[in-house]
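Report on the following structure.
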Amino acid sequence: MDYKDKVEKRYKKISNYIRKTPLIYSNYFSNKFNSNIYLKFENIQYTGAFKIRGALSKIISLSREERKKTLITASGGNHGLGVCYAAKKFGMKAVVYLPKSTPKMKIEKIKSLGGETIMYGEAWDEANIKAMQIADKKSRVYIHAFSDEDVMLGQASVAYEILKEKKDIDAIICSIGGGGLISGVSRYAKSFNPKIKIFGVETRGADAMFRSINAKRLITLDAITSIAESLGAKRVTELSFNYVKQYVDKLFVVPDSKAINVLIEILDKEKQLVEPASSCSLAACKNIKDIKGKNVAVVICGGNFPLKKLKNYI
2 MDYKDKVEKR YKKISNYIRK TPLIYSNYFS NKFNSNIYLK FENIQYTGAF KIRGALSKII
62 SLSREERKKT LITASGGNHG LGVCYAAKKF GMKAVVYLPK STPKMKIEKI KSLGGETIMY
122 GEAWDEANIK AMQIADKKSR VYIHAFSDED VMLGQASVAY EILKEKKDID AIICSIGGGG
182 LISGVSRYAK SFNPKIKIFG VETRGADAMF RSINAKRLIT LDAITSIAES LGAKRVTELS
242 FNYVKQYVDK LFVVPDSKAI NVLIEILDKE KQLVEPASSC SLAACKNIKD IKGKNVAVVI
302 CGGNFPLKKL KNYI
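Our numbering puts the first residue of the sequence shown at 2, with every later residue one more than the last.
This is the structure we're talking about:
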């Protein structure tokens, strides 16, 4: 079975638990970037981000015995929300390790879904190491935030929905944290039409993939210094690194200031509150020459951004 068929088969299994999010033509951003810009609003997905797709895909892949166990994961917030949402749907318990920098809003949302939260480390990577250790020690089912084939299958359903709705898309742009979303999206899109261009975007200070691809080896960041905390993996994995190297056409890095400016524009023009981890993808359009006059889908991957924090930038 090729990847396209695998994604479509998995989509049928998760589709009853997710929201088919809209793909909306943006007149404002189309004019601004001299392209036909279509926004895939995953910020209005259940839990406020695309992450539930991968979490559901992973849980569906588990055996009957594994589903009796407690799930454990590490997250910057959105993946933890996705795992807890999916766990609740299947009557499972979930424990989420979170870095100490996780916004209070995301912590409260995870708890509201029945998840147990444990704060650990200064970045996602540290929380993840601890989660893996505890999962092994207590025989729990560990779900990686991005470096997992079943998780990627679920994330690929974003591209499935885009291309089912609009088959003549020329390019897809999405942000990169650990690379799970863009790995699934790029593999599906290229299997649908090899001519589709895939562009990945990170914010400066959360650009582990960009630096790794340029160095042709995995690079570990000293710290995450970007406001886009949900892109906060100091190091990607061999799995996502290799998929990006094979299927993604080019990577871009934008400063936080540009991501925030576009975040405010999206709020003003599209009436949607999104995260800097989402708006950075749209901010990069200014620098992508290959999209001029083309049909471009931009994945707005999440909207869990506190209004209180937004006040600091307006």
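Note that CB positions come from ideal geometry on N, CA and C, so glycine has one too. Since the model is a prediction, treat every value here as computed from it, not as a measurement.
Residue i in three-state terms, based on DSSP
i: Y86; result: helix
i: S279; result: helix
i: E117; result: strand
i: A229; result: coil
i: G201; result: strand
i: G303; result: strand
i: A56; result: helix
i: Y98; result: strand
i: A298; result: strand
i: L240; result: helix
i: L311; result: helix
i: I19; result: coil
i: I25; result: strand
i: G320; result: No information on residue 320 is available, as it lies outside the stretch 2 to 315 that the chain covers here.
i: I111; result: helix
Cβ neighbours of residue i in the same chain (closer than 7 Å, five flanking residues each side left out)
i: N288; result: F253
i: A132; result: I73, T74, A75, Y98, Y143
i: V8; result: L154, A157, S158, Y161, Y189
Residue i to residue j span [Cα, whole Å]
i: W125; j: Y161; result: 29 Å
i: L240; j: I144; result: 15 Å
i: R20; j: F42; result: 11 Å
i: S62; j: K89; result: 16 Å
i: G92; j: I108; result: 20 Å
i: L24; j: E166; result: 8 Å
i: G83; j: S148; result: 15 Å
i: K169; j: I177; result: Checking the displayed sequence, the identity of residue 169 turns out to be Asp instead of Lys. Cα to Cα, D169 sits roughly 24 Å from I177.
i: I225; j: G303; result: 19 Å
i: D6; j: K309; result: 43 Å
i: F242; j: S227; result: 21 Å
i: K198; j: S64; result: 36 Å
i: L311; j: M2; result: 46 Å
i: P195; j: V297; result: 15 Å
i: R141; j: T71; result: 5 Å
First through last residue of the beta strand (DSSP E) which encompasses residue i
i: Y39; result: 37-42
i: V249; result: First-last for V249: undefined, no H or E at that position.
i: I73; result: 72-75
Same chain, Cβ closer than 6 Å to residue i, five either side skipped, listed in chain order
i: Q156; result: R54, G55, G181, L182, G185
i: L268; result: L274
i: F34; result: C286
i: I119; result: Y98
i: I174; result: F200, S282, V299
i: A229; result: T204, A207, P277, A278
i: G116; result: C85, A95, V97
i: K110; result: L82
Range of the contiguous alpha helix (DSSP H) that encloses residue i
i: V263; result: 257-270
i: N28; result: 28-34
i: Y47; result: Counting along the chain, Y47 falls outside any alpha helix (DSSP H), and DSSP gives it neither H nor E.
i: F51; result: Taken as a continuous stretch (DSSP letters only), F51 belongs to no alpha helix (DSSP H), as it is neither H nor E.
i: M210; result: 209-216
Cutoff 7 Å: residue i Cβ touching any chain C Cβ
i: R68; result: Absence of chain C from the displayed structure is noted, only one protein chain being present.
Query raised in the report: Which parts of the region 120-199 are runs of the alpha helix (DSSP H), unbroken and 4 residues or longer, counting only runs that do not cross its ends?
Result: 125-139, 150-156, 158-166, 181-193
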